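Chemist: Residue numbers (UniProt numbering): 1 to 267. Glycine included, every Cβ here is placed at the ideal spot set by N, Cα and C. Note that the structure is predicted; figures quoted are calculated from it, not measured. Quick one: structure below, then a few questions.
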């Protein structure tokens, strides 16, 4: 008479599969953790080096993450950026702000009025994260801003947050310390202007971009920043004064709807 199998081998196989699943989740988490404000695009070779894996295994992980939306192909060969699923999760994580529900209703009209891309950002641990974008329906040249992009602390929206967020609770000093001395001094001047005027202009001459940003407030304080972003040039420069007034006015209107108010000064 044959004795039935006890099922011990399948159990061992199940334990091995479970460990393999946990390892895969851990590696995916580590890959996503490589993104930060200074590293917005990952290259296969660099990921392999940082995780201690061979390139074939790394490539398999990266392409699988693209398939489920955690990553998408970047601008260079074998490079990757944050994908739509990860972007939605990030927006949800920072999206407790009521601005995420209110601002998008006003942004398309503002983009059309200004003929510029309008971006809404919420504060994330590494800087302002773009959570919604409206592009003008008619414009000579439209600057595309990717949802999920984490902007530098010295961006227009970064300066706005730095002007009104409590420094100790927002890691602003840590991010500021990563700038070289000249950029720190320029950053400090920009933050002071944002406090004084309730709006700020930042010209990124290295990439040819001009941004005008203003804060949005709810009863607890600053909850978001809205910016009009355009390509540098004579037409954009001529439009800057109008953009300053309209972006600030739009931010103030949204603040009123949300029950907030821009303070006359910020410490």
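(1) For residue 223, which residues of its own chain have a beta-carbon under 8 angstroms away from its beta-carbon, when the five flanking residues on both sides are left out?
(2) Quick check on this structure: which residue in 39, 25, 89 and 251 has the alpha carbon closest to the alpha carbon of residue 213?
(3) Under 6 angstroms Cβ to Cβ from residue 108, same chain only, skipping five residues before and after it: list those, please.
(4) Starting from residue 151, trace the beta strand (DSSP E) in both directions and tell me its first and last residue.
(5) Do three or more CB pairs link the stretch 176-189 to the stretch 58-66 at distances below 8 angstroms?
(6) Helix, strand or coil, according to DSSP, for residue 47 in the structure here?
(7) What's the C-alpha gap between residue 254 and residue 46?
(8) Enumerate in chain order the residues of its own chain whose CB-to-CB distance from residue 85 is below 6 angstroms, with the five nearest sequence positions on each side excluded.
(9) Determine whether the beta carbon atoms of residue 159 and residue 229 lie at a separation below 8 angstroms.
(10) Leaving out the 5 sequence neighbours to the left and right, which residues in its chain are closer than 8 angstroms to residue 240 when beta-carbon positions are compared?
(11) Work out the CA separation of residue 187 and residue 173 for me, nearest whole Å.
(12) I'd like the span of the alpha helix (DSSP H) that includes residue 72, first residue to last.
(13) Determine the DSSP secondary structure at residue 215, reduced to helix, strand or coil.
(14) If distances are taken between C-alpha atoms only, which option among 67, 148, 256 and 227 comes closest to residue 115?
Modeler: So, to answer that:
(1) 97, 98, 99, 122, 216, 217, 258 and 260
(2) 251
(3) 134
(4) That residue, residue 151, is in no beta strand (DSSP E); it is neither H nor E in DSSP.
(5) no
(6) Three-state DSSP puts residue 47 in a helix.
(7) The C-alpha of residue 254 lies about 43 angstroms from the C-alpha of residue 46.
(8) 69 and 70
(9) no
(10) 201, 210 and 212
(11) It is roughly 11 angstroms from the alpha-carbon of residue 173 to the alpha-carbon of residue 187.
(12) Element bounds for residue 72: not the alpha helix (DSSP H) but the beta strand (DSSP E), 71-73.
(13) strand
(14) 227
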